[in-house]
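Count the sequence shown with the UniProt record's numbering and you get residues 1 to 988, in order.
Here is the structure we will look at, set down as structure tokens.
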Amino acid sequence: MRETAISVVSAQPLWRLLTRAPALGVWAVLYPLAARYGISTRDVYAHISDFVREDFSETSSRNDLKSRFRRAARHLGLPVSGNEPTDLFFAPLGPAHSQHPDLARAFVGAALHVGPPAIEDTPAARAWQRRAVRDRCPTLTRLHAAIDFDRSAYCARRFEAWRRGIDPQGEAEKRLFEAYDVAARLFGRTRADLVGPPRVFWTGGHLALEAEASRMTQRIKTGLFPTQMSGSQRLRIAPPWPGKVAWSAGNIHQDVPFAPAPGEVLLFDADSGAFLTRVTRSEDAADIAALHLVALSRSPFRCASFGDAILSADPGIFVAWVETGETLRFEDRSDLTLHTPTDAALWIDGTALGRDGSHALFSCDGGLVLRIDPEIGGQGRIVRARHEGETRFVSIRVGADGLATLPFADFGLDVAADPRPVLFEVLAPGAAGDLEARAELSTTCWIWPGIAAPQGDLEDAPLPATFDPARSAGLTVGPRTVSVDPRSDMEAPILALRREGDTREFRLAARSEKLWHCRIATGERHYVPRGATLTLGHENRHDTLLLRSPDRDAALLVLGKEKRRPFLQRQSLEIGASELEMQEGGDDRIALRRAEGRVDLLARIRRLDDPAAMSVDKSDDALRLVFAPTRPLDALRLRIEDTQGHAREGDHTFGRHPAPNAPLDGVRVDNEMEAGRIAVTIDKRRHRGPARAMLLVRTGGEEDFTPLRDATGAPVALGLPGEMNDPALRDLLQLARFLSDPEPDALGGQLSAAIAPAYEAAFAPFARSGMLSPVKSVLGVSRQDGEPPRHDLAGVAPWLFEAPLHAYAGLPESSGLSPLDRMKDIPAPAAAPSVHGDTPAADWLERLGSDDAIPPGLDAAALQHAFRILRFRLNETDLRILKGQGTQASTARLLCDTHVAELDLLRSFDQGGGGDPRPARFAALIERFARACAARRAAAFIDDIEFRTGLSRHEVGQVLTLILRAGVEFFVYFRALWTRAIEQDVSA
């Protein structure tokens, strides 16, 4: 085709081509400059004369050429201007062949310094390439003109194509790609080394970093120690935010600008959180391709729509939500006006349903906003949309201001379909139907077709085919629908979507109010139903509430005190313990007052005292318990129970009502009325153990004594240490019952520490035989309240879990271990897995996805059921202590937080487990213990954990037993699997 064009140019005068065939005429002027400029001479007109065989030595002929060329180019939509060759010819020319080395050095250097261009964002990519050339080629004005003219960021796009290893298009681009290779070698790098620094973005009221996708190890350092980041990882940085973050990848080390420097203003897209620009102190205007913005500055400022900026999570930085077209007014720097772009630009105006880092998932009722110069190329354009193998073309005309809006519905995105990324591209008029037409502008975003912005939380949306239940959380999934779970304790439910081997985890935006009770003593957080009455005792004196609301204009009422618009800069707000103290007015409401004056009640607060203000002092001869009662007591009873089932009771009265029992010898009770405390002292020389001392109380007018409990419901009891001679099964069972009840945290595990040695000694006679049947009743010990018992089994007697599969029949359901009986009924798989490989669990889990001959009980459904039951127990039973920040939860983390090669495989069976890998880690620990039991290595397994964690055997065993009770179905599954595998291996 090029040869044909050359022959036509040779046969026709140039003026005729520029008049009648403007495309061919413009090409005839630019082609010789692109191919030959700078090689033999830099005389512009000499190259044109040689090619078209016409003389342009006279001034008049040159002026005629420039006039005709200008008209032809503008007729084609090329915004050429001026009368000098630099602006007129070299701007639309693109980099000439002789300029390729300079351009390559500029682009490769910029990629190494500030990172590759974000080609999905045309304005950002355009700014990147302009900055690269200006910073690194300051004297090459004609190269500047070519790059400035490239408003579609085509040069940046093709540079990214080279970086990703895509083949060049044509001979000219082949030479340019070779120049990139040479430039990379000059820097001592290859294409694989061009890893850009992490990008800053705004999420959840915080600044964060998003690493570029790369296999290279990347590290950032914001404090004393570096943090490793994997490709595409997102990391929220804790305030105070540094001005720069030290980043390294391989041999590349540089400081990445992060928080605004003094005088700077950072602007983010409020819908997606994507970083837009960093405005320096000297600039008084900025072109922004977005409508809704977040502005950050170290200087106080204000604007018309938001008012005075407020403090961010970093108290040294101010933040405001502003709109394009506004002016930000400062006291210590020039005011900053936010304009819509003067250059051509394309951006999204819509409602974000959720965010995954700097990527937003938009509802279908949004649209595109286009800004072009109508004098160049006319008012008409074609917008091409590509998604899921589909392509649509829509015509659009801008107004006199150069702006136009195009709804997503015009592209058929109002029809229900799976969420998907959509690429929008702006083409020249007449390009409709052309799949290969070069785009002038482009932008990409995720859209959920058919889902309009809901008034509240997402409800009954069609279940996407790409939905990933293992990475989602906080959702209710039906056969065909998905909704936000109104009772979920997650601040941001996660909608995970699979696409081309990758998973996007969109954290859905808050669209309704949720209130959580944060129990500081246990580290737990519980959802508070709307309108509920929340009772707070002395144990809860440090507790807080966490409220999530999307209403930026609402005022918050806390026990009669009003906070005006607390959700301006955040969606979540903590209500501190001091704010929950009852006020004189008696208003017990936690409520929101809407902008129109309506008050919505969220919860009511009720304050009570309880005996959680307690402590225990231990000495060689005595135990002293001090506690603050919830209400005036009439009497206190101390019941001391020994391992034979005998109980000794002594009563101590504080009022005029008599008590049936005399006080016990060796026990003293002091009622410290002025301090509001009661002290109980037990002489251990008079009362030897092993035994349990229970406290029961009676209030005035009541006839019955009831157990004294703390705010969590744990009975208050003390352990009396001692030794046993020839312990029998009855002793063992009684000690197990003593240890089965929860203990008040304030007592620091005193009862367990006192009785555990005797409990371990009581197991010793049975451990020598290693048979389960004589002590199986210990597995059946339960609590009166029906909650899972707390006594240790796995640490004190790990051999209990090594018994034959048929040995666990008859365990009561109240023990929580009755499912163990099902192990004997699980058949062996046709080809049992090997327990001797490096990753036996991972090998088996991978097989589950491809083997249709897996027997019942060992199939994927069994694991999915196990995860559901595990999550239920962790959320709805006493086993919730394994989560949060309590002692047992910390021990559980120490046991579980090791490298687990099969963690992702396990999580694939945990539907609704997105954002919470803890159940999968529990399952991995149980699998390892089950494999050790099948191989009769349970004791060695406990020894190894003791060695690794430094915890006592009792601590390890108690928490491991609780984890086994929570996930007993996993033990059933894996103990049966590995036992059958070992049996087949032995028989073979």
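Cβ atoms here follow ideal geometry from the backbone N, Cα and C, with glycine treated the same way.
query                                                                                                                           : result
Boundaries of the alpha helix (DSSP H) in which H100 is found, first to last residue                                            : 100-114
Alpha-carbon to alpha-carbon, G367 and A428                                                                                     : 20 Å
Contacts around D910, its chain only, beta-carbon distance under 7 Å, and the 5 residues preceding and following it disregarded : A470, F867, P919, A920
Nearest-angstrom Cβ-Cβ length linking V626 and G650, presumed shorter than 8 Å                                                  : Actually they are not in contact, since the Cβ atoms of V626 and G650 sit about 18 Å apart, beyond 8 Å.
Environment of A145 [buried if 16+ CB atoms lie within 10 Å]                                                                    : buried
F301, DSSP secondary structure in three states                                                                                  : strand
Nearest to G786 (by Cα), restricted to the options E326, P742, A754, F766                                                       : P742
Sub-8 Å separation of A761 and M724 beta-carbons                                                                                : yes
Cα-Cα separation, D852 to A932                                                                                                  : 27 Å
Cut-off 7 Å between Cβ atoms - residues of its own chain near T706, not counting five sequence neighbours on either side        : L696, V697
Assigned secondary structure, G25 (DSSP; H/G/I helix, E/B strand, else coil)                                                    : helix
C-alpha gap between R386 and L406, whole angstroms                                                                              : 15 Å
Under the three-state DSSP convention, the category E210 falls into                                                             : strand
Option nearest W128 by Cα separation, candidates R151, Q233, T139, R142                                                         : R151
R821 versus I926: straight-line alpha-carbon distance, rounded                                                                  : For the record, residue 821 in the displayed sequence is Asp; it is not Arg. Their Cα atoms are separated by approximately 17 Å.
Boundaries (first-last residue) of the beta strand (DSSP E) holding residue 1011                                                : Outside the displayed range of the chain (1 to 988) lies residue 1011, so it cannot be described from this structure.
L592 to T898 span [Cα, whole Å]                                                                                                 : 44 Å
Where the beta strand (DSSP E) containing Q644 begins and where it ends                                                         : That residue, Q644, is in no beta strand (DSSP E); it is neither H nor E in DSSP.
Proximity below 8 Å, CB of residue 1038 to CB of G77                                                                            : Residue 1038 is absent from the structure shown; the chain starts at 1 and stops at 988.
Three-way DSSP call (helix, strand, coil) for H97 in this model                                                                 : helix
Span of the beta strand (DSSP E) around R384                                                                                    : 380-387
Element boundaries [alpha helix (DSSP H), containing I372]                                                                      : Taken as a continuous stretch (DSSP letters only), I372 belongs to no alpha helix (DSSP H), as it is neither H nor E.
Sub-8 Å separation of S572 and R548 beta-carbons                                                                                : yes
Segment contact, 8 Å Cβ cut-off, at least three pairs: the segment 203-213 with the segment 179-191                             : no
Simplified DSSP state of P257, which is helix, strand or coil                                                                   : strand
Cross-strand partners of T391 (DSSP beta bridge)                                                                                : R386
Beta-carbon spacing of S740, R783 below 8 Å                                                                                     : yes
DSSP state of A612 mapped onto helix, strand, coil                                                                              : Since pLDDT at A612 reaches only 46, below the 50 mark, its modelled position is unreliable, and the value read off the structure follows with that caveat. A612 falls in the coil class under three-state DSSP.
For K824, three-class secondary structure by DSSP                                                                               : helix
Which listed residue (A417, T141, W347) has its alpha carbon closest to that of C364                                            : A417
Residues bridged to Q218 [DSSP beta-bridge criterion]                                                                           : M229, A249
Exposed unless 16 or more other CB atoms sit within 10 angstroms - verdict on F159                                              : buried
Alpha-carbon spacing of K684 relative to L848, whole angstroms                                                                  : 58 Å
Beta-carbon proximity list for A938, same chain, < 8 Å, skipping 5 on both sides                                                : A794, P798, W799, F801, E802, F929, A932
Classification of V415 by the beta-carbon crowding that lies within 10 angstroms, buried from 16 upward                         : exposed
Proximal residues to A841 (C-beta, below 6 Å), its chain only, five neighbours per side dropped                                 : E902, E927
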